[in-house]
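Enquirer: Numbering (the numbering used here), first residue to last: 146 to 602. No residue lacks a Cβ here, since even glycine has one placed at the ideal position from N, Cα and C. All figures in this text were calculated on a predicted structure; none of them were measured in a lab.
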């Protein structure tokens, strides 16, 4: 069986090929609704190089082993499935120069398992899945290349990221890598041989200053998850201490270096503003009250030593980052797909959201721009009330959105966390981000959800 797909981009052929050749391209080309673990990957597409990943198929995880062949830069490369769910799979990637722009031609020859039965019962399903997957790849590839080209006149940076394994960190590392930056991870576990990793332990204050000397940009996304578990006294203490210990250690260490980074970016949250009803909030608005506000205030303050030492400190206040595989949206999807979606409470609370791609592109914009400093709200310019969010999500998923979810059931399920997570809200606008020149990919909620979930009509 055969599958063919073409993507046209205004980027020169050698740059497109280089993008594919970098390790981060695997993560960026993975559809945003798919979960896949990259087990190992060689650093090139040359003949004999391998890439191994696992992905869920029903209740089990399948392993896919791909071996590259036909390497001829910048014209083509190929990959052949050595182990996986198909009887055979041969994927040829061709890059056609069209006078400064490029056509990426994807040609796949594959055979389904189970012989005739596979062809009869599985061919339509596989074709539909491939169409959907390659549409997502096309959208992501074109956008990523455009965003990298915005700063192609600036030299590539050496970047260190803490919190690189989370939802945002995984995508950010991959995006920056495909742009040719030298990306390193700050990790708490044992360092993997051959990987660009540096060990630290914020709980014990362990970090070797010589290891982090010479980075141009340091990004801190870490901290115990705010919405991951119920808020017991112990959990709240961990939420605070994990941010205090890690941000203070990084800030103090960076400020002591002889060669300091240009930029130190820390990620906090719009919880800074507290529950403010219909009040329109910008970076100029005063902070609110409550546990989250107090946490964010202290969190942002822990970076003062870096700022005082002359490092340009950027504080991003994240809204609800839309992801199909985690976060608030990821947790909503199962009950919604089963027909149990709807407004929460009266549904009047504001949801200040941002798509994952805008989150990544905005961070890239802020660290690569020369004049950016201070606090920035990372939210889309059109926040939605929760009942509107529910209605749009129902439309995209083609599921009913009329079943209201009582507050009491959410309080039983989430405890104290239910308030700031579900019933309270902020009408936050990205004023400073837009003033800095950032152009949103997703200004409207419906298109953001369609791209995130792969449902285009």
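1) Do residue 411 and residue 489 have their CB atoms nearer than 9 Å?
2) Name the two residues that bound the continuous alpha helix (DSSP H) containing residue 609.
3) Please return the same chain residues whose Cβ sits closer than 6 Å to the Cβ of residue 230, not counting the five positions on each side in sequence.
4) Taking the straight line between their C-alpha atoms, what separation do you get for residue 263 and residue 487?
5) Along the alpha helix (DSSP H) that carries residue 537, what are the first and last residues, could you check?
6) Which runs of the beta strand (DSSP E) at least 3 residues long sit entirely within the segment 173–221? Give them in chain order.
7) Got a sec? Which residues, its chain only, sit under 6 Å from residue 261 by beta carbon, not counting five neighbours each side?
8) Can you list, in chain order, the stretches of the alpha helix (DSSP H) that have 4 or more residues and sit fully within the segment 234–307?
9) Measure from the alpha carbon of residue 521 to the alpha carbon of each residue in 548, 582 and 594, then state which is nearest.
10) Can you look up residue 393 in the DSSP assignment and give me helix, strand or coil?
11) Kindly list the residues whose CB is nearer than 6 Å to the CB of residue 146, restricted to its own chain and excluding five residues on each side of it in sequence; keep chain order.
12) Could you check which residue in 251, 212 and 405 has the C-alpha nearest to that of residue 153?
13) Under a Cβ-count criterion, where at least 16 other Cβ atoms within 10 Å of its own Cβ denotes burial, should residue 293 be classed as buried or exposed?
14) Straight-line CA distance for residue 562 to residue 574?
15) Is residue 395 near residue 469, with beta carbons less than 9 Å apart?
16) Below 8 Å on the Cβ atoms is my contact criterion, and I expect residue 465 with residue 496 to pass it. Report the Cβ-Cβ distance as a whole number of Å.
17) Rounded C-beta distance between residue 290 and residue 164? I'm assuming under 8 Å.
18) By Cβ distance, which residues of its chain are closer than 8 Å to residue 288, with the 5 residues on each side in sequence left out?
Expert: Once the coordinates are examined:
1) no
2) Absent from the model: residue 609. The displayed extent of the chain is 146 to 602, so no value can be given.
3) 207
4) Bear in mind that a pLDDT of 49 at residue 263, under 50, signals an unreliable position, so the model cannot answer this.
5) 531–542
6) 182–186, 195–202 and 205–217
7) Because residue 261 sits at a pLDDT of 38, beneath the cut-off of 50, its placement in the model cannot be relied upon, and the point is left open.
8) 260–294
9) 582
10) Helix, per DSSP.
11) 255
12) 251
13) Taking a 10 Å sphere around the C-beta of residue 293, we find 16 or more other C-beta atoms and assign the residue as buried.
14) Looking at the two C-alpha atoms, the distance is approximately 24 Å.
15) no
16) 6 Å
17) 6 Å
18) 502, 506 and 586
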